[in-house]
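S.K.: Let me give you the structure first, and then I'll get to my questions.
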Amino acid sequence: MNHDIPDDVAAFPMRVVKDLTSLSARQIRYYEKHGLIKPARNEANRRVYTMKDINRLKKVKELIDKGINIAGIKAMLKS
Numbered sequence: 005m006n007h008d009i010p011d012d013v014a015a016f017p018m019r020v021v022k023d024l025t026s027l028s029a030r031q032i033r034y035y036e037k038h039g040l041i042k043p044a045r046n047e048a049n050r051r052v053y054t055m056k057d058i059n060r061l062k063k064v065k066e067l068i069d070k071g072i073n074i075a076g077i078k079a080m081l082k083s
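The numbering of the sequence shown is this note's numbering, which starts it at 5 and goes up by one.
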């Protein structure tokens, strides 16, 4: 039996994403506000993230740490 979660299945709550990305909830919501990620919502209207979202957030964090601003990151991730 394969227990791997597919990359596009929204399965992770904010607290798990915070642990996996070393970002704060505020940072994650900020990146969502700027369109860098678009998490799904569950029945309770809470954000639920995919592995794609998590990997994208890790890439955003890496680029921020290199001094690239949000506009630059949007352009880089768009291409």
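By construction, the Cβ of each residue, glycine as well, lies at the ideal position given by its N, Cα and C atoms.
#1: What residues match up with residue 15 in a beta bridge as DSSP calls it?
#2: What three-state label does DSSP hand residue 75 in the structure shown?
#3: Report the CB separation of residue 26 from residue 65 in whole angstroms; it is logged as a contact under 8 Å.
#4: Over the uninterrupted alpha helix (DSSP H) stretch that includes residue 56, give me the two end residues.
#5: Looking at C-alpha atoms only, which residue of 18, 23 and 47 is the closest neighbour of residue 36?
#6: Just to check my reading of the structure: residue 46 and residue 52 have Cβ atoms closer than 8 Å, yes? What is that Cβ distance to the nearest angstrom?
M.R.: Quick look at the numbers:
#1: Its beta-bridge partners do not exist; DSSP assigns none.
#2: helix
#3: 7 Å
#4: 55-69
#5: 18
#6: 5 Å
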